[in-house]
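The structure appears below as structure tokens.
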Amino acid sequence: MSSSIISINAKYISWAHTICASSAFIAALIVGVCLHYHKIVENAHYGYPDEWFPSVSATIGDRYPERSIFQILIALTSGPRFLLLLLSYIRLYDENHKRFGIFGVVCGVVRTVTCGGWVYITSTDDHDAHDVFMISYIVLTIPWEYYVITSTPKRTSLRNYRFYTSVAFFTMLIPLIYFFIQHKVHRIAGAYSIYAYFEWSLIILDVAFDAWTAVDFQDLTITLSASKPISFSIDQNEGTIVDEIKENTDLKPKSRDDIPFLELIINTINSFIFWSVATSLLTTIWFFPLWNMGISGFELTILSFLFSFLLIIPPVKRCFASYPQISRLLTTLFGVGSFKVEDPDTRLLLIAVGSAFGAVSLANETHHYGSNNTRARYYSTTFTLGLILSSIAKFSNYTNNPIWPIMHAENGGWNNTGVLIGVIGSILTPRVNHVTSINSQKNKFGLITTGLGLGGLIFSLHAMLTDSSTIIIWNWEGYPINGPVPVPHGAITLIMMGVGSYLGLTQDLNTKLVSIGGVVSAIVLYIATEWIGYIGGVGYILFLTSVVPFFFNNASKYQPGVVFTLAFFVHIVLMLAHVWIVAYAFVPAGWLLRERTDIVLGVSTGLIVLGLISNFKDDVVVNFKPALYKIKRILIIFSITSVLIAYLRFPKTDPTPYHPNSKLITAGIWTIHFGLDNDMWASEGRMIDLIRDAELDIVGLLESDTQRIIMGNRDLTQQMSEELGMYADFGPGPNKHTWGCALLSKFPILNSTHHLLPSPVGELAPAIHATLDVYGELVDVVVFHSGQEEDAEDRYLQSMGVRDIMGSTDRPMILLSYLVTTPLEGNYNNYVSKESGMHDIDPSDWDRWCEYILYKNLKRTGYARISRGSITDTELQVGKFQLPNNKDEAKEYSQERIEEGKVDEDLRFPNKFYGDGVRDHRFHVFDEPRYFV
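Now the structure itself:
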């Protein structure tokens, strides 16, 4: 017999880990505050007293000796840490889930290594490396904590402790990110200190999660004997956890029919990547016809979705069936990773490759889940969950998906994080064995109707649900507000998507009843507005999301290369039709679908109904209750996240003008080219900087409607209005078939009416006629975009229509417009006329064709033209006005110009635009602003 040398309770390993980890951070914080307080609270923008609490990175990495103290103590943590991982594997070992246990401990080891990366490579040493290790650590925390929680026996207090600690950890990320953005982007004083509170809270919760092992290990003893290295034995009398497990837990193996939570998470991540790449393809395609003012040739990349036909080839099908990770990985690397390429042409081609493999992945996996109807339902539900997650990501990022290739670090992108998450999801993609249930050759009609219906469904999801604000904007009618608004009601859209996906998973689908509900909802959505229209939209959301399992389950029975290629072909045709309804003036045979949203909506809905009522009923089996519970948890988390985002984004203060003491009104007009700059990057942030620098109280935005597939289902007004502190009117919605006009105002918008001016031949001309409360007086603003040059009759009729709008009131008025006319000639004399009562802000400015500012019954004080930089192809024009003191002054329209030195300083344009200007924005044409008596 061997003699025992050392016998120690394993809980002391846990205590050692907790003490070493905690003391490392606490000691560094104490020493740093005592020796270098003012240095470690200082950041790139502010110092003490604007900032008062140091971040973790500044505390542990910026100064000696706290950096050395921290690194010594954290090094001592490594021994207990690796023992803790080994003991956790032994304690949580499950004979029926060996691979899951190995996966969990491997994640724990890699996570520990990444921890060493960010604590020993500080942000001062290498900012990028520090961030990569930090992000990797947080991402790997998800599978590690999931492994520990799910392996802990159910219905025990220990499992609850671990679960709530984990929830608190990930919940803390939401305010952490919010205050980091406030610091980094908005440069708000004190935001970084508040961010630091949450950062330190994450450290505490991270250490606390592992500290629960002290409870788990209290009946585990480590014995060092003379005859063998180390043996482990369980002393059943040393602790209460075993008794609790015996009393409250059924120790039978989990049902083989259960679906691992990790599988649901990985499939959701993969779906999120699919939707991110698929929606980015159309967004980047749009860049090229936008600059060419017509077909560019790059539109052919839309056919990349048809590469699912590769699965018709048996060797290719077998390859992707055996290694589904390949196509998922290529989707991520080409689709999400394309942001690394600066050249727009090459970037688009890479995205097209990513989209092609995304289509292959979806078809392949759907087919191989089809051998089990219930598992197919759960897989299809993760397809919807990924869609919801992509919409949540856009909701949190002002309708831009942060991993789109039009995003990068400079404009708020999280592309590196997206690549990392996508790669992890790809590598962990499960392989599912498939047994064909139905021979597709015996039911060709079913294959065709399934493919048609699935294509209509994918298009409808893409067109209506890839952003939480799309259906809301469909029902937008302006001020006063009598319907939903994107914030906070976008959260309702997201929650209803979750409800629909849950109903589709759990309910036996009555195809006739669901079809009737879908058709009625589509009709209400189309013909009604505001809350009634949105109620129809909610019904349509429930319809679309609830039928996903039915279609995926049916599609899985057929040859994937056939049924999905047909579906994606329908998707492409409908997407092109969706473009034709608004781009009819620039595409061949455009007149066929001019303004026919009813046809596109009706056909897509009709195809879904056809697929529902003409196919065999998908067999419903009893749902796996454990898996259903997991889906519920995911949906609850998504819903809570949506509500939190809505709360955080909801305006907390009222907008205020820049120069209230002078009662100055600074108004601008800008054609913003759909929010894509000259290099195909999202440009909202850069536009915000220029509008803020120009101190605009009112700005009209033209070419601003991006709420359709081809523009990414975005809403440019959201970020701009929130960050600039302005009220926003989106203007006529996407179902009004215009290129868009929008109004942002520091002054309350009391009323606004949306107009579509006469356009018998060419593109529709949108206008907003709004009444503002300007320093207690009513002032009208009209934002207008005229049609293109080729359609002379259109432009004449539109000029007459806008003339009548402007002449309908004697209130002070400003026109912010795109007129397509030569100064003092032709239609110009309809806009500037006795009937309209309007005056040109500067009739001597001969170098104009598109943008004009007109006014009446106001005192004009200044006019300037500011160069666009590389944001768009059109400058920003700005006018300054004051309310007249009396009616006589309102009728005076002197053309006398004066020198800047004679103008009160509060009425001047910012001097930062002189010379070379700022960020390539400068006064041009005149090289200086003009001031008037």
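FYI, the numbering for the sequence shown is 5 to 937, going by the numbering used here.
Beta carbons: idealized from backbone N, C-alpha and C, even for Gly.
Given the structure is predicted, the values throughout are model-derived calculations rather than measurements.
DSSP state of residue i mapped onto helix, strand, coil
i	result
Ile410	coil
Ser300	coil
Trp674	strand
Pro488	coil
Asp814	coil
Ile462	helix
Gln881	strand
Val855	It should be pointed out that residue 855 corresponds to Glu in this sequence rather than to Val. DSSP places Glu855 in strand when its eight states are reduced to three.
Lys448	helix
Tyr588	coil
Tyr897	coil
Thr440	Bear in mind that a pLDDT of 47 at Thr440, under 50, signals an unreliable position, so the number given afterwards is only what the model happens to contain. Coil.
Leu836	Note that residue 836 is Val in the sequence shown here, rather than Leu. In the structure shown, Val836 sits in coil (DSSP, three-state: anything other than H, G, I, E or B).
Tyr935	strand
Gly805	helix
Gly194	coil
Asn665	helix
Ala796	helix
Arg926	coil
Residue nearest to residue i in terms of C-alpha spacing, selected from the options
i	options	result
Thr388	Val320, Phe361, Phe278, Thr350	Phe278
Ser331	Gly362, Arg901, Thr878, Gln899	Gly362
Leu294	Pro348, Cys854, Ala796	Pro348
Asp681	Pro147, Gly426, Phe292	Phe292
Glu346	Ser312, Ala413, Ser308, Leu366	Ala413
Val423	Tyr800, Ile649, Ile638, Val281	Val281
Ala589	Gly298, Gly780, Leu465, Leu614	Gly298
Ala631	Thr378, Val586, Met724	Thr378
Gly426	Ala32, Phe174, Leu89, Leu144	Leu144
Val340	Ile355, Gln881, Val60	Ile355
Leu391	His493, Thr305, Thr474, Ser275	Ser275
Gly36	Gly791, Gly508, Phe57	Phe57
Asn889	Lys667, Ile207, Val765	Lys667
Lys448	Pro752, Arg712, Ser618	Ser618
Cys323	Leu352, His372, Val786	His372
Thr169	Pro736, His190, Leu507, Trp216	Trp216
Met176	Ile185, Trp204, Tyr165, Ala526	Trp204
Beta-carbon contacts of residue i that lie in its chain and below 6 Å, excluding the five residues immediately before and after
i	result
Lys398	Asn405, Asp471
Leu616	Thr515, Ser519
Ile316	Gly565
Thr721	Ala732, Phe734, Ala746
Asn443	Per-residue confidence for Asn443 stands at a pLDDT of 40, beneath the threshold of 50, marking its modelled position as unreliable; the derived number appears in the next sentence. Hits under 6 Å: none found.
Ser441	Any reading at Ser441 must be qualified, since the residue scores a pLDDT of 44, below 50, and its modelled position is unreliable; the value itself is stated next. Only Lys561 meet the Cβ criterion.
Leu432	Ile270
Pro816	Val783, Asn861, Leu862
Ala495	Ser646, Val647, Ala650
Phe343	Pro409, His412, Asn419
Ser850	The amino acid occupying residue 850 in the given sequence is Trp; Ser does not appear at that position. For Trp850, where only same-chain residues beyond five positions count, the Cβ hits under 6 Å are Pro827.
Neighbourhood of residue i by C-beta distance below 7 Å, restricted to the same chain and skipping five residues each side
i	result
Asp239	Because Asp239 carries a pLDDT of 44, less than 50, the predicted location of this residue cannot be relied on, and no value is offered for it.
Met940	There is simply no residue 940 to check, as the chain begins at 5 and stops at 937 in what is shown.
Pro933	Gly866, Tyr867, Ala868, Phe913, Phe927
Met715	Thr287, Trp290, Phe678
Met730	Pro659, Leu748, Ser749, Lys750
Ala20	Pro84
Ile875	Asp681, Ser687, Arg690, Met691
Asp777	Phe751, Pro752, Leu754
Proximal residues to residue i (C-beta, below 8 Å), its chain only, five neighbours per side dropped
i	result
His187	Asn47, His49, Ala195, Tyr196, Tyr199
Ala193	His49, Tyr50, Asp54, Glu55
Lys740	His758, Leu760, Leu768, Pro770
*asked:* Three or more C-beta pairs under 8 Å: does that hold for the segment 598–614 against the segment 570–588?
replied: yes
*asked:* Could you tell me which whole beta strand (DSSP E) segments of length 3 or greater appear in the segment 711–754?
replied: 731–733, 745–749
*Please specify which runs of the alpha helix (DSSP H), each continuous and at least 4 residues long, are wholly inside the segment 524–570, giving them in chain order.*
534–550, 552–559
*Report yes or no: do the segment 843–862 and the segment 884–904 share at least 3 C-beta pairs separated by less than 8 Å?*
yes
*Does the count of Cβ pairs from the segment 877–886 and the segment 823–839 closer than 8 Å reach three?*
No contact exists between the segment 877–886 and the segment 823–839.
*asked:* Can you confirm whether the segment 107–118 touches the segment 76–96 when touching is taken to mean that 3 or more C-beta pairs between the two stretches lie within less than 8 Å?
replied: yes
*Quick check: the segment 301–319 against the segment 567–581, are there 3 or more CB pairs under 8 Å?*
yes
*Counting pairs of beta carbons, one from the segment 521–541 and one from the segment 484–492, are three or more of them closer than 8 Å?*
Contact between the segment 521–541 and the segment 484–492 is present, because at least three Cβ pairs lie under 8 Å.
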